[in-house]
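Data block below; observations after.
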Amino acid sequence: MPRHPERQLERLTQPVAARLLADSGVAVVVAGSVEQHGSHLPLGTDAFAALSIGERAAHRLDTVVATLGPVGVAHYHGSWHGSLTLTPETMMAVFVEICGGLRAAGARRILVVNWHEGNSAALRLAADRCQRTHDVQVVLAESHVVTHSLHPEEMEFTHAGSMETAAVLAFDPGLVRMDEVERPSDRTAGERAHALFRRPDVYPIMRDFHDVAPTGWYGRPEAADRLRAEEIAEEVADHVVRRAREVWAALDETVAARPPDAGVDGARIGALS
Ligand SMILES: [Zn+2]
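The opening position of the sequence shown corresponds to residue 1041 in my numbering, with each subsequent residue numbered one higher.
In structure tokens form, the structure reads like this:
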């Protein structure tokens, strides 16, 4: 199964989009970033990666995919000109307003497909606000984490290495410039530094990506392969949708097991099933 640009909300006519949202009760929302990825990958790598997985997820759920726009929260890439960022507050406001529109069209469940670590904190807060403001249920899928977890050796969790090169190959191979690859930062040092910011318990907050990779990137883009990239994107979309369905089923069971007088939330969330 290839990409599904026909699932992008802005490419659809209004009656078609309205029917898909109302019939499915679900919308996919993608979040990416516009930031430097060396001289071989486009600034929009994370935005394209998220959209590629989001389209495929929307196809599987027979619904639409909406984007927050390509830009995410990426101020720590700002010293490489051309990188753009939103403040977390801006991203949260955009998210809540877009989800409000999707809810009005009948989407009671929002599946967020994110491909950028810098967005995660803002998305969690925005999802919480959205659930309280718009009476929707939000599930977050960290699609870069899924991709790496499914194939830890092959899909390296670096910046602009094999995993992100594969993600762009699966979106549009014409955007990858392997003939322009410049010197990566040291891989071992990059992994060690990145791991510090990714610790789950006690961890620092990133201020400048130079702290991870002085040249802006590290990894092995040459290890990515176009056909394999397509296979992996499909596998990631399958995984994201399967896990989202598991979450929805588990939440439905919780609601069904709750006594009828368990409060406003019980009644409200019950209406989702
Ligand atoms: Zn990236």
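Here a beta-carbon is modelled for each residue, glycine too, at the ideal position from N, C-alpha and C.
In its own chain, which residues sit with a C-beta less than 7 Å from the C-beta of residue i, not counting the 5 before and 5 after it?
{"i": "Gly1201", "result": "Tyr1258, Gly1259, Arg1260 and Pro1261"}
{"i": "Gly1310", "result": "Summary for Gly1310: the model assigns pLDDT 44, below 50, so the residue's position carries little reliability, and this model does not support an answer."}
{"i": "Ala1067", "result": "Leu1061, Thr1103, Val1104, Ala1106, Leu1142, Ala1147 and Ile1150"}
Please report how far the alpha carbon of residue i lies from the alpha carbon of residue j, in whole angstroms.
{"i": "Glu1220", "j": "Ser1079", "result": "6 Å"}
{"i": "Arg1247", "j": "His1115", "result": "8 Å"}
{"i": "Val1056", "j": "His1279", "result": "27 Å"}
{"i": "Thr1198", "j": "Gly1230", "result": "8 Å"}
{"i": "Glu1271", "j": "Ile1245", "result": "34 Å"}
{"i": "Ala1297", "j": "Ala1144", "result": "28 Å"}
Give a yes or no on whether the C-beta atoms belonging to residue i and residue j are separated by under 8 Å.
{"i": "Arg1268", "j": "Ala1206", "result": "yes"}
{"i": "Ala1090", "j": "Gly1109", "result": "no"}
{"i": "Leu1215", "j": "Pro1128", "result": "no"}
{"i": "Val1179", "j": "Ala1284", "result": "yes"}
{"i": "Ser1119", "j": "Val1074", "result": "no"}
{"i": "Met1132", "j": "Ala1162", "result": "yes"}
{"i": "Leu1126", "j": "Val1136", "result": "no"}
{"i": "Arg1100", "j": "Val1281", "result": "yes"}
Tell me whether residue i counts as near ligand 1, meaning its Cβ is closer than 7 Å to at least one heavy atom of that ligand.
{"i": "Glu1204", "result": "yes"}
{"i": "Thr1187", "result": "no"}
{"i": "Asp1219", "result": "no"}
{"i": "His1077", "result": "yes"}
{"i": "Thr1085", "result": "yes"}
{"i": "His1250", "result": "no"}
{"i": "His1191", "result": "no"}
{"i": "His1234", "result": "no"}
{"i": "Val1199", "result": "Looking at the sequence shown, residue 1199 is not Val but His. Yes, the Cβ of His1199 comes within 7 Å of a heavy atom of ligand 1."}
{"i": "His1156", "result": "yes"}
Could you check whether the Cβ of residue i sits closer than 8 Å to any Cβ belonging to chain D?
{"i": "Ala1089", "result": "Among the protein chains of the structure shown there is no chain D, as only one such chain exists."}
In its own chain, which residues sit with a C-beta less than 8 Å from the C-beta of residue i, not counting the 5 before and 5 after it?
{"i": "Gln1177", "result": "Arg1148, Arg1149, Ile1150, Gln1171, Trp1288, Leu1291, Ile1309 and Leu1312"}
{"i": "Asp1265", "result": "Ala1206 and Leu1209"}
Please list, in chain order, all residues of the same chain as residue i whose beta carbon is under 6 Å from its beta carbon, the five residues on each side excluded.
{"i": "Arg1217", "result": "His1080"}
{"i": "Leu1094", "result": "It is Gly, not Leu, that sits at residue 1094 in the sequence shown. Contacts found: Val1068, Val1070, Val1105 and Val1153."}
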